[in-house]
Amino acid sequence: MNWRGSVAVVVALALAGPAAAQEERQEERGDDPTTSASRPRSIAATARGRAMIRVDGRLDEAVWDDAEVGQNFVERSPDPGADPPVDTRFRVLFDADALYVGLEMMLLPGEEVRALELRRDNFRIYSDDAVTLKFDVAHDHRNTVGFAVTPANTQLDYVAVDNGRTFRGEYDAVWESATTVLDDRWVAEVRIPLPALGIPAGESHRVVGFNVTRDHNERFATDDWSHLPPEFGPVSALNYGELTGLELEGGQPFTAIPYVLFGWETPDPGAPVEQNARARAGGDVRMRFGEDIWTEATILTDFSQVDIDNQAINLNRFPLFFPEKRPFFINGLDIFEFGEAQNSQLFFSRRIGLDDDGEEVPMWGGAKVYGHAGAFGFGILDVMTGDPNTNWGVARLRGNVGEAGYIGVMATARNNLEGLPAGADPDERTEGYALGVDSTLRFLDEERLELTGSASATDDAVREGSDFADHFSGTARLRYRGHNVRPEASFLFVGDDYDPELGFVFRRGIAQPRAEMAYVAFPDALGLRDLRLAAAGRLRRTSDFRTDLGGDATLSLDVNWPAWGFDLAGGYEADVVEPGDEFDLLDRIPIEAGRYDGVFAEYGIYASSRLNPNASFRYRATSAFFGGVRQSFTLAGGASFGPHFRLAGTVVQSFIAIPSYNGEKALTVNARITVAPTTLLAFDWVVQLNDQRRETTSLLRMRWRYLPGSDIFFVYRHDVPYDCYGETAPCETAVALTLKASFRFDALL
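Using this note's numbering, the first residue of the sequence shown is number 29, and each one after it goes up by one.
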């Protein structure tokens, strides 16, 4: 055995300790680790045949009795690996068009189910009783399409990329469900058309990754059919079971979603009112070619129905990050992911169709092709926007390596088709290009050891006279997801002039190593669910490694019971503002170049979202805030008054004391009132306050799903400056009204 083999054996033995300890703990309490949590799961789907299935939540058709039963769920929380005190059972049927899943969730004696959330596509359904179907369609142990339903028949669908690295609820599919609540159980019957899953047709005996998760509110518990160790997260396709026996035939699925829109905005001063009325029609189409290749097109795209971003105040010199919410960019997301989220991303779709302030610019249309062919995944995206007319393009290729691993390349391009505007700097470029490679490898001890990395550069790196390192970014991360011990190490490099036209960069000109060691325990004492003790450290240097830019060292403790928990953290932090990077904090407080260091402390306490009402509170104080002190308070909470009315909100208040600027404050408020008469109709009233913009925003949105996949939206938005309150004279407020109707058409060609 060579030295590499010896090291591998030593590491494997050291890291296997926590898993062995878990098995020993299971044996002590009477569990059999070889037949419960650690057993691979598989279930065969049964052909529906000539039987007619009525999706009514009753499972009274005879074909359900003939199907194989999935049961013997395993608890993930609060006691990982335990056998739940109540049963959950399911069966799977299929025909040429869809999968059918029938589920029975048994109840404790005297238990009443919780079903307070009626708003579709809302992750708050996991505060209720819920059951989720999770499909790894490509069976590549990386990506998940999820479908969840509650006893009130409230639906949620989502996609999760790379075992939870990215999670998107904006994914929208057409599927059916019905539920029934009985004395001893609640029942769900689900029909999922093949296009909603993206399952290729025409392949006999297809196998897909599959799991079923039950969230049981009465016990504050989560149970899985195929056990998901907590350290892997709720959408770890690495740990799914298998759904076998599928024999699927049929044509190519085709979807068209045209829309019409009518809107009006407050006219500009002196402009005729009629100039601010608008009418538009457009839509999207989607179709599959071949086994697993999808194409989508959009024209005159509109995203007025998408939720507005929460108000946030930037208390630093680096950009704020807001996630993508627009549906066209969600499909195929697993293919287009690249880089370290919120730090250095070669492709960040919010750069397309939105300006730096998050305001929409015209999106004339776009197209994308993505999918899988054998061991390869690929994607091509091309979009045209206006103001000015600009073309944005992305190309992606990725090849599978080992279990859930891959190596890939990506190229991006931006071209201003109108050239430079009059008076522009002649050195300004009308185009920008970038190229990168990335990889994820998983191995050792059931794929618990994960190595990810990426490297990318903009086209300036190869221009004559340019320094390659200035236009380069690289990331690397090595982590081990042990049951108890979870070490992690990472390195981030971003050149001084790295600026991908379609990407997101938090900070340029840094070389940043980081390390963390966490220990998670699951003690059988005091009713605890778990506790986590972690130590982490980070250093920052300039990209030439010559100058210190600060860093931090943190020690933290998280203690969690099923219904509530608290956390404590403290340490040292330092930040260096380099000469030439001076800035004005809050646009009025000058921050000079220099080193700013000190200590910080924070604590938080929360009540589980499974409680009603629920709330959380967090406080943080630091003496390293640009030569002064910053204190921040965050209060969040919500309450449901029956299933039809909910009030929720978040308040963030910061107090800043900097020499010569004591007593500065920054406040944001985000509040929402939801009225949901049914699961198909909901009204949201969002009120936002930002005391730095000195403005309040009020948004009223109605969503009516009048047919499966077809919606009518009414949106009213009103922006009011602080100066308007209490004034009797006319005030320049901004009002926008939008009425949008879409219709979804599905067919097999």
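Idealized CB from N, CA, C, for every residue including glycine.
Boundaries of the alpha helix (DSSP H) in which residue i is found, first to last residue
i	result
Leu224	Per the sequence shown, the amino acid found at residue 224 is Ala instead of Leu. Segment 222 to 225, the alpha helix (DSSP H) holding Ala224.
Asp495	Where Asp495 is concerned, there is no enclosing alpha helix (DSSP H), given that its DSSP letter is neither H nor E.
Phe357	Looking at the DSSP string, Phe357 is not in any alpha helix (DSSP H), and its letter there is neither H nor E.
Segment limits, beta strand (DSSP E) that includes residue i
i	result
Ala90	It is not in any beta strand (DSSP E) - Ala90 instead sits in the alpha helix (DSSP H) that spans 90 to 94.
Asp466	459 to 471
Phe122	116 to 122
Arg152	Taken as a continuous stretch (DSSP letters only), Arg152 belongs to no beta strand (DSSP E), as it is neither H nor E.
Ser651	642 to 653
Ala73	Counting along the chain, Ala73 falls outside any beta strand (DSSP E), and DSSP gives it neither H nor E.
Asp603	592 to 605
Met133	126 to 134
Thr662	656 to 668
Phe673	673 to 685
Asn338	Run containing Asn338: none; DSSP gives neither H nor E here.
Val209	204 to 209
Residue i vs residue j beta-carbon contact at 9 Å
i	j	result
Leu520	Gln540	yes
Ala72	Glu89	no
Tyr199	Val218	no
Pro112	Arg314	no
Arg170	Leu361	no
Asp751	Val763	no
Phe349	Phe534	yes
Gln99	Phe122	no
Arg648	Phe628	yes
Ala504	Ser571	no
Phe500	Ala483	yes
Gly436	Asp466	yes
Asn718	Leu735	no
Gly565	Ala581	yes
Ala206	Ala180	no
Arg424	Ile363	yes
Phe550	Asp107	yes
Arg152	Ser636	no
Ile408	Arg772	no
Gly460	Pro416	no
Asp712	Thr725	no
Arg242	Phe406	no
Gln720	Phe683	no
Val657	Gly677	no
Asp330	Lys768	yes
Glu474	Arg507	no
Phe175	Asp168	no
For residue i: DSSP bridge partner residues
i	result
Pro347	Pro347 pairs with nothing; no bridge assigned.
Arg514	Ala546
Leu728	Trp713, Tyr744
Tyr268	Its beta-bridge partners do not exist; DSSP assigns none.
Val235	Looking at the DSSP assignment, Val235 forms no beta bridge with any residue, so it has no partner.
Pro541	Phe519
Ala419	The sequence shown places Asn at residue 419, not Ala. Asn419 is bridged to Met412, Asn443.
Trp292	Ala305, Leu765
Thr283	Arg314, Asp774
Val429	Gly433
Assumed close pair residue i, residue j - CB separation to whole angstroms, cut-off 8 Å
i	j	result
Leu146	Thr182	5 Å
Pro705	His672	6 Å
Ala369	Thr480	About 11 Å; that fails the 8 Å criterion.
Arg308	Leu328	6 Å
Gly536	Tyr526	Just to set this straight, residue 536 is Arg in the shown sequence, not Gly. Right, the Cβ-Cβ distance comes to about 6 Å (below 8 Å), so this counts as a contact.
Leu583	Ala563	5 Å
Gln333	Gln716	Wrong, their Cβ atoms sit about 18 Å apart, outside the cutoff.
Phe375	Leu530	5 Å
Phe317	Gln280	7 Å
beta-carbon residue i near the ligand ZN non-hydrogen atom, thresh 8 Å
i	result
Tyr186	This structure lacks the ligand ZN, and indeed carries no ligand of any kind.
Give a yes or no on contact between the region 388 to 397 and the region 316 to 331, applying the rule of three or more CB pairs nearer than 8 Å.
Because the criterion of three Cβ pairs below 8 Å is met, the region 388 to 397 and the region 316 to 331 touch.
Count Cβ pairs between the region 203 to 218 and the region 132 to 143 that sit closer than 8 Å; are there 3 or more? At 8 Å Cβ cutoff, the stretches touch.
For the region 374 to 382 against the region 219 to 228, are there 3 or more C-beta pairs whose distance is under 8 Å? They do not touch, by the three-pair rule.
*Decide if the region 689 to 709 is in contact with the region 722 to 734; the criterion is three or more beta carbon pairs, one per stretch, under 8 Å apart.*
The answer is yes - the region 722 to 734 touches the region 689 to 709, with three or more Cβ pairs under 8 Å.
Examine the Cβ distances between the region 284 to 291 and the region 247 to 259 and report whether three or more of them are shorter than 8 Å. Contact fails: fewer than three Cβ-Cβ distances are below 8 Å.
Kindly confirm or deny that the region 623 to 638 and the region 593 to 603 touch, where touching means at least three C-beta pairs closer than 8 Å. By the Cβ test, the region 623 to 638 is in contact with the region 593 to 603, since at least three Cβ pairs between them sit closer than 8 Å.
Do three or more CB pairs link the region 266 to 273 to the region 235 to 247 at distances below 8 Å? Contact annotation: the region 266 to 273 touches the region 235 to 247, with at least three C-beta pairs closer than 8 Å.
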